[in-house]
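This report refers to the structure that appears directly beneath it.
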Amino acid sequence: MNDTENKDRQFATTLARGIDLLLCFHAGESSLRNKDFAERTGLSKPAVARLTHTLALLGYLRRDPATAKYRLGAAVLGLSHPLLASMRIRPVARPMMETLAREIEGAVSLGLRHRIHMVYVETARDSEDFVLIPDIGAPLPMLATAIGRAWLARAAPQDRRSVLNQIRVAVPTEFERYATAADRAREELAREGFCSARADWQPNRHGFAVPLHGLVDGTQFVLNCAVAAKRGSFVQMRRDVAPRLLTLVHSIEYALGLR
C-alpha cells in the first residue's frame, strides 16, 4: 500500500487497482495479457484476472477469446468525451492554435498534468514533421519536455515538491537526467515568460511552453509549441517562435477573462 491508501480510510483500493490496469496500455500497444498487467502493476495474477473480468463485463476492456488478450473498450472513450467537451478553453484556444501552427510550420498543443505526466487535450499541427506527434490523451514526461517544465515552474511549492518526489521514485533515470533543467526552467519562466526544451525529449524537435496565468475551471493549463530542429537553430527558434507563443497565451487569457 502507498501512503494515500494507508492514511485515507475512504480510499477504495479495488477501484484504484482497476484504474491502474486501464493505465497499463502504452502508445502503440493494442492488447495485453493478464501476465502483462500483473508485471506492470505488481498485482497478483488472480487479482488481475478478477479485475480484467470485471472491466470486460463493464465494457472498459474487450477480451479476444482466440488470444486471451485484452484491448481497451469503448467505455473508456465514453469517460473522456464529457471531460473534453466541458473544457471551455478548447473552443477558445483552437482557432488561435491553428493560426500559430501555420505560422511556425510546427505544432501547438494545450495540456494539463495527470500524475507524473503531461497530457494533451488539444493539438493543432501544420507540418509533415508532426504527423506522428503525441496525440490527444498521450502521456508526456514532465522533466524532459517544455510543457512539463512550465507546469512545474508555475506550480505551488508543495505541489511541485510532491510531483518531483513521485518522479524521483517512479522514474529515477528521468529525474537524475533532467531535474537540474527543470530547476533552471523556473528562472527562465520568471525571466523570459516561457520555458524551453532543446531537443531533450525528441532529438529532432525543439519545444517551448507557457503556463496560463491563473486556473481555468480549477485546472492549470499549459500551451506549448514544437518545431523541427531542421528548420533552424535552437537560438533562432527561441528568438522567433517563443515570443509568438507568449502572445498566443496572452490572447487566450484575455478571451477567458484571466487578465
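Each residue of the sequence shown is one higher than the one before, counting from 1 in the working numbering. All residues carry an ideal CB built from backbone N, CA and C; glycine is no exception.
Practice prompt. Can you tell me which of the three DSSP states S109 falls into?
Written response: In the sequence shown, counting from the first residue as 1, residue 109 sits at position 109. If DSSP states are grouped into helix, strand and coil, S109 belongs with the strands.
Item to complete: Quick one: which unbroken beta strand (DSSP E) runs of 3-plus residues sit fully inside the stretch 118-195? Chain order, please.
Response: 139-141
Discussion item. Rounding to the nearest angstrom, what Cα-Cα distance links A229 and F37 in this structure?
Written reply: On the sequence shown, position 229 is the one that residue 229 refers to. On the sequence shown, position 37 is the one that residue 37 refers to. If I take the Cα positions, the gap works out to 37 angstroms.
Discussion item. Counting only C-beta atoms, is Y254 closer than 8 angstroms to chain D at any point?
Written reply: Among the chains in the structure shown there is no chain D, since it carries only a single protein chain.
Worksheet item: Got a sec, what are the start and stop residues for the alpha helix (DSSP H) H81 sits in?
Response: Against the sequence shown, residue 81 aligns to sequence position 81. Looking at the DSSP string, the run of the alpha helix (DSSP H) that includes H81 is 74-86.
Worksheet item: Bridge partners of L65, per DSSP?
Response: If you number the sequence shown from 1, residue 65 lands on position 65. Looking at the sequence itself, residue 65 is Pro, so the reference to Leu does not match. Paired residue(s): none; P65 is not in a bridge.
Worksheet entry | Among A75, L100, G111, the one whose alpha carbon lies nearest that of R90 | Along the sequence shown, one-based indexing puts residue 90 at 90. Checking every option, the nearest Cα to that of R90 belongs to G111.
Worksheet entry | L57: first and last residue of the uninterrupted beta strand (DSSP E) it sits in | The residue given as residue 57 occupies position 57 in the sequence shown. Segment 45-58 is the alpha helix (DSSP H) holding L57; no beta strand (DSSP E) there.
Worksheet item: Mapping DSSP to helix, strand and coil, what is N204?
Response: The residue given as residue 204 occupies position 204 in the sequence shown. Coil.
Worksheet item: From this set, R160, A138, A181, which residue's C-alpha is nearest L23's C-alpha?
Response: To locate residue 23, count along the sequence shown from 1; it is residue 23. Selected option, being the one with the closest Cα: A138.
Worksheet item: With contact counted as at least three CB pairs below 8 angstroms, one residue from each stretch, are the stretch 200-207 and the stretch 82-102 in contact?
Response: no
Discussion item. Considering only their Cβ atoms, is the gap separating H213 from E188 smaller than 8 angstroms?
Written reply: Counting from 1 along the sequence shown, the entry for residue 188 is found at position 188. Counting from 1 along the sequence shown, the entry for residue 213 is found at position 213. No; because the gap between Cβ atoms is not below 8 angstroms, this pair is not in contact.
Worksheet item: So, is A242 buried or exposed, given that buried needs 16 or more other C-beta atoms within 10 angstroms?
Response: Position 242 of the sequence shown holds residue 242. The residue in question, A242, is buried, as its Cβ has 16 or more Cβ neighbours within 10 Å.
Worksheet item: Which residues mark the beginning and the end of the alpha helix (DSSP H) in which L256 is found?
Response: For the purposes of this step, residue 256 is identified with residue 256 of the sequence shown, where counting begins at 1. Segment 242-256, the alpha helix (DSSP H) holding L256.
Discussion item. Tell me the DSSP secondary structure of L32 in three-state form.
Written reply: Numbered from its first residue, the sequence shown carries residue 32 at position 32. DSSP places L32 in strand when its eight states are reduced to three.
Discussion item. Give me the residue from K35, A146, L140 with the minimum Cα distance to P211.
Written reply: Numbered from 1 along the sequence shown, position 211 holds the residue referred to as residue 211. Minimum Cα distance to P211 is reached at A146.
Fill in: Residue of D200, V249, R238, F25 minimising C-alpha distance to A216
Counted from its first residue, the sequence shown places residue 216 at position 216. The amino acid at residue 216 is misidentified as Ala; the sequence shows Val. For V216, the nearest C-alpha among the options comes from V249.
Worksheet item: If we ignore side chains and look at the alpha-carbon of each, how far apart do E51 and G18 end up?
Response: The sequence position of residue 51 within the sequence shown is 51, counting from 1. The sequence position of residue 18 within the sequence shown is 18, counting from 1. Note that residue 51 is Leu in the sequence shown, not Glu. So the two alpha carbons sit approximately 6 angstroms from each other.
Practice prompt. Could you please give me the residues that DSSP links to H114 through a beta bridge?
Written response: Here residue 114 corresponds to residue number 114 of the sequence shown, with the count starting at 1. Paired residue(s): H117.
Discussion item. Suppose the cutoff is 6 angstroms on Cβ atoms and the five residues either side in sequence are ignored; what does the same chain contact list for G73 look like?
Written reply: Start at 1 with the first residue of the sequence shown, and residue 73 comes out as number 73. Excluding residues within five positions, the ones whose Cβ falls inside 6 angstroms are G59, Y60, L61, R62.
Worksheet entry | Straight-line Cα distance separating Y178 from A144 | Position 144 of the sequence shown, counted from the start, is the residue given in the question as residue 144. Position 178 of the sequence shown, counted from the start, is the residue given in the question as residue 178. Their Cα atoms are separated by approximately 6 angstroms.
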